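Working notes, beginning with the structure itself.
Numbering (this note's numbering), first residue to last: 2 to 361.
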């Protein structure tokens, strides 16, 4: 049954991860407190212990709320990231939402939500339901599925809607890691940087996940058991985050004509002492600078559709500094999709494909 009916608009909920409301200790503390107490994010602690650890130690220390006269590490990073338009993630989310709504036309009602902080999923759903939409398409802005991102979004949507007496038809987008238009935009953004042969190596850097989460999502005892399990998508790993990341890499590499020796898929943003998805991006960069004498690296971040802390600061500033210390010259970060008209068109096309009337 199609979501669209003759009685109301088709609702679309675009959801990204979230951002503090301001680059201040109190706002960052609130954001980290909500984010890190999600049991799908930190999944190895009992609820009470997680709440005490995050709200009593991690969030206050990292935000600097324990010492309002000295900003914590996370607050400093958000201060570096902030622009005259505020948080890039939220700003581009608002622009994309407006332009996708324009591209879809009057039969659709589109809202932006953040999994953590504002605008909240609950407030965005309330707005859609107040319009009496005939159906809702939940579209997470994460190309690859992970329990801690897309899974958390889906769970929160279901939690909110479960309290309503009337629940309209709801459809969830799981992933779109090989969507052709998405792949072409990333590839074209790389081409815009000039001759790609100038780079000694190409790194595809994705946000990392703890290995325990990858294994927990594996119902077939496949992850870290079968050698080369991420080299292709199959029935047993079709929802594996790591396998989907590798598939995105292969699709972009094929579009650009890269041979396998030209690139590496790696993972960034590791926290804590547990093993995370490997190889780590920082280790790959160190190896290519120190052992292989690489001077120029091209870096993609295809897990992100907008500029954010992990791209602009972590890769663009922190990794850049380390790479130069090791003898490299520069890392060129392929621009994110942001408000690129091609990305707007790709999003609108995917939404239409998910909500179109079935052929009878």
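Backbone N, C-alpha and C fix where the C-beta goes; we use that ideal spot for every residue, glycine too. Given the structure is predicted, the values throughout are model-derived calculations rather than measurements.
Would you report the Cα separation of residue 277 and residue 127, rounded to the nearest angstrom? The alpha-carbon atoms of residue 277 and residue 127 are separated by roughly 37 Å.
If you measure between the beta carbons of residue 29 and residue 141, is that distance less than 7 Å? For residue 29 and residue 141, no; Cβs fall outside 7 Å.
Own chain residues within Cβ distance below 6 Å of residue 317, not counting five before or after: Cβ within range, chain order: 334.
Straight-line gap, residue 285 to residue 169 (C-alpha atoms, nearest Å): Between residue 285 and residue 169, the C-alpha separation is close to 47 Å.
Quick check on residue 360: does DSSP put it in helix, strand or coil? Residue placement at residue 360 is poorly supported in this model, since its pLDDT is 40, which falls under 50; the coordinates still yield a value, given next. Three-state DSSP puts residue 360 in coil, outside helix and strand.
Taking the C-alpha atoms as reference points, what is the distance between residue 233 and residue 135? Between residue 233 and residue 135, the C-alpha separation is close to 38 Å.
Unbroken alpha helix (DSSP H) run spanning residue 192, endpoints: Per DSSP, residue 192 belongs to the alpha helix (DSSP H) from 181 to 192.
For residue 62 and residue 80, what's the separation of their Cα atoms in angstroms? One C-alpha to the other measures close to 16 Å.
On the criterion of 16 or more Cβ atoms from any shown chain inside 10 Å, does residue 188 qualify as buried, or is it exposed? Residue environment for residue 188: buried (at least 16 other C-beta atoms within 10 angstroms of its C-beta).
Tell me which same chain residues have a C-beta within less than 6 Å of the C-beta of residue 171, skipping the five on either side of it? So the list reads 137, once near-sequence residues are dropped.
Rounded to whole angstroms, what's the CA-CA distance from residue 293 to residue 203? Just pull it up for me. Roughly 13 Å separates the two Cα atoms.
If you drop the 5 nearest sequence neighbours on each side, which residues of the same chain put their C-beta closer than 6 Å to that of residue 174? Scanning its chain for C-beta atoms nearer than 6 Å, with the 5 sequence neighbours on each side dropped, one finds around residue 174 the residues 140, in chain order.
Which whole-angstrom value describes the C-beta separation of residue 73 and residue 26, a residue pair presumed to lie in contact below a C-beta threshold of 8 Å? Residue 73 to residue 26, Cβ: 7 Å. Contact.
Under the rule that 16 or more other beta-carbon atoms within 10 Å means buried, what is residue 221, buried or exposed? The residue is exposed, with fewer than 16 neighbouring Cβ atoms inside 10 Å.
Which first and last residues belong to the beta strand (DSSP E) in which residue 11 is found? First-last of the beta strand (DSSP E) with residue 11: 11 to 19.
Going by beta-carbon coordinates alone, are residue 147 and residue 242 separated by less than 7 Å? Contact check for residue 147 against residue 242 passes: the beta carbons are separated by less than 7 Å.
Give me the Cα-Cα distance between residue 3 and residue 129, rounded to the nearest whole angstrom. At residue 3, the pLDDT of 47 sits below 50, so the modelled position is not reliable and the matter cannot be decided from this model.
So for residue 104, helix, strand or coil by DSSP? DSSP places residue 104 within a helical segment (H, G or I) once states are collapsed to three.
Report yes if the CB atom of residue 186 is closer than 7 Å to the CB atom of residue 340, and no otherwise. It is not a contact, given that the beta carbons lie outside the stated cut-off.
Grab the span of the beta strand (DSSP E) containing residue 333 for me, first residue to last. It spans 331 to 334 - the beta strand (DSSP E) in which residue 333 sits, taken as one unbroken run.
Name the DSSP beta bridge partners of residue 114, please? According to DSSP, which records beta bridges pairwise, residue 114 is partnered with 16.
Once DSSP output is grouped into helix, strand and coil, what is the label at residue 354? In the structure shown, residue 354 sits in a helix (DSSP, three-state: H, G or I).
So, for residue 1: in the same chain, excluding its five sequence neighbours on each side, which residues have a beta-carbon less than 6 Å away from its beta-carbon? Here the chain comprises residues numbered 2 to 361, so residue 1 is not present and cannot be evaluated.
Less than 7 Å separating the beta-carbons of residue 345 and residue 102? No, the pair does not count as a contact, with Cβ atoms beyond the cut-off.
Does residue 249 pass the burial test, meaning 16 or more other C-beta atoms within 10 Å, or should it be called exposed? Buried, by the Cβ-count rule.
Tell me, which residues are paired with residue 204 by DSSP? Paired residues: 265 and 300.
Quick one: is residue 337 buried, meaning 16 or more other Cβ sit within 10 Å of its Cβ, or exposed? Result: buried.
Grab me the residues of residue 330's own chain with a C-beta within less than 7 Å of its C-beta, minus the 5 sequence neighbours each way, in chain order. For residue 330, where only same-chain residues beyond five positions count, the Cβ hits under 7 Å are 296 and 297.
If you drop the 5 nearest sequence neighbours on each side, which residues of the same chain put their C-beta closer than 7 Å to that of residue 305? Contacts found: 311, 312 and 337.
Return the first residue and the last residue of the alpha helix (DSSP H) that residue 363 is part of. Outside the shown range of the chain (2 to 361) lies residue 363, about which nothing can therefore be said.
Return the residue from the list 214, 163, 9 and 34 that minimises the CA-CA distance to residue 107. Proximity to residue 107 across 214, 163, 9 and 34 peaks at 9, based on C-alpha coordinates.
Would you report the Cα separation of residue 319 and residue 75, rounded to the nearest angstrom? C-alpha separation (whole angstroms): 13 Å.
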